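Numbering (my numbering), first residue to last: 745 to 954. Comments concern the structure below.
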Ligand SMILES: Nc1ncnc2c1ncn2[C@@H]1O[C@H](COP(=O)(O)OP(=O)(O)O)[C@@H](O)[C@H]1O
Ligand SMILES: [Mg+2]
């Protein structure tokens with residue numbers, strides 16, 4: 745199995761504190777991982793490092809076997825790594841649901857007729873077809889959460905990062921997202937502060953709070 749992403753000996757400072765201290769993680773093609781740890785343990789920080797929003801003090805990142813260092817490396821990585829923010833409101837950019845889902849595909853240069861098809865499919869997969877023409881600022885928190893996940897899922901990232909994706913979701917939402925992720929055929933790293941028993945067969949990485 746080919747390796748998609750690896751973090752080696754990563755140290756990250758936030759303010760005065762070292763949040764990640766020699767953190768190591770590797771994920772292979774189609775592999776599913778849980779990143780577990782209490783509030784403040786650095787789960788979000790780790791994702792921000794992966795996509796280049798936060799620069800580590802020390803350590804190495806490799807994406808598909810190549811070092812990720814310069815901003816141009818991170819730009820390439822971000823085309824293939826989908827990141828669902830912990831806060832859906834800071835992720836959603838577009839006025840309507842359908843535009844939000846189409847946005848990433850437009851950026852990737854997909855033809856419009858194909859985009860329409862993909863948007864319909866992902867709306868249906870996440871049970872939000874009825875929200876298609878809604879204004880994003882009018883959605884409920886849970887609806888925003890589903891939209892933020894669907895709008896990344898539609899791009900079929902090689903590595904799918906999800907930061908506390910179940911927070912604020914009702915039972916139906918949890919079921920939809922969990923079954924989507926279980927069946928997703930590419931790599932996934934899901935960060936959570938609680939153990940998730942429906943992913944008991946996924947490998948686990950733990951972060952500590954200290
Ligand atoms: N922009 C920032 N500036 C200073 N400290 C930060 C910043 N972002 C996060 N932190 C601190 O880094 C630590 C890890 O935060 P975070 O990565 O959000 O943890 P988690 O996602 O596991 O809850 C926390 O102590 C938090 O207060
Ligand atoms: Mg977090």
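Every residue gets a Cβ at the ideal spot worked out from N, C-alpha and C, and that includes glycine. Please read these numbers as outputs of a predicted model, since none were measured by experiment.
For residue i, count neighbouring Cβ atoms within 10 angstroms of its own Cβ and tell me buried if that reaches 16, exposed if not.
i           : result
residue 787 : buried
residue 916 : exposed
residue 772 : exposed
residue 764 : buried
residue 894 : buried
residue 790 : buried
residue 766 : exposed
residue 746 : exposed
residue 809 : exposed
residue 832 : buried
Inspect the beta-carbon positions of residue i and residue j and report whether they are closer than 8 Å.
i           : j           : result
residue 960 : residue 908 : The structure shown does not extend to residue 960, since the chain is modelled only from 745 through 954, so no value can be given for it.
residue 905 : residue 748 : no
residue 770 : residue 750 : yes
residue 777 : residue 924 : no
residue 804 : residue 760 : no
Since residue i is in the beta strand (DSSP E), which residue starts that stretch and which ends it?
i           : result
residue 803 : 802-807
residue 776 : 776-780
residue 936 : 931-936
residue 869 : Run containing residue 869: none in the beta strand (DSSP E); it sits in the alpha helix (DSSP H), 856-869.
residue 954 : Neither: residue 954 is in no beta strand (DSSP E) and is coded neither H nor E.
Quick one: Cα of residue i to Cα of residue j, how far?
i            : j           : result
residue 1009 : residue 896 : Because the chain spans 745 through 954 in this model, residue 1009 falls outside it and cannot be assessed.
residue 807  : residue 820 : 10 Å
residue 792  : residue 798 : 5 Å
residue 852  : residue 901 : 12 Å
residue 824  : residue 849 : 12 Å
residue 892  : residue 846 : 12 Å
residue 843  : residue 867 : 12 Å
residue 859  : residue 947 : 34 Å
residue 785  : residue 834 : 21 Å
residue 774  : residue 855 : 27 Å
residue 890  : residue 882 : 14 Å
residue 927  : residue 880 : 27 Å
residue 931  : residue 898 : 15 Å
What are the start and end residues of the alpha helix (DSSP H) that includes residue i?
i           : result
residue 849 : 841-851
residue 911 : Taken as a continuous stretch (DSSP letters only), residue 911 belongs to no alpha helix (DSSP H), as it is neither H nor E.
residue 695 : Outside the shown range of the chain, which is 745 to 954, sits residue 695, and nothing can be said about it.
residue 916 : 915-927
residue 794 : 787-794
residue 833 : 832-835
Three-state secondary structure (DSSP) at residue i?
i           : result
residue 893 : helix
residue 878 : coil
residue 817 : helix
residue 769 : strand
residue 750 : strand
residue 901 : coil
residue 799 : coil
residue 784 : coil
residue 826 : strand
Hey, is residue i's beta-carbon within less than 8 Å of any beta-carbon in chain D?
i           : result
residue 803 : Among the chains in the structure shown there is no chain D, since it carries only a single protein chain.
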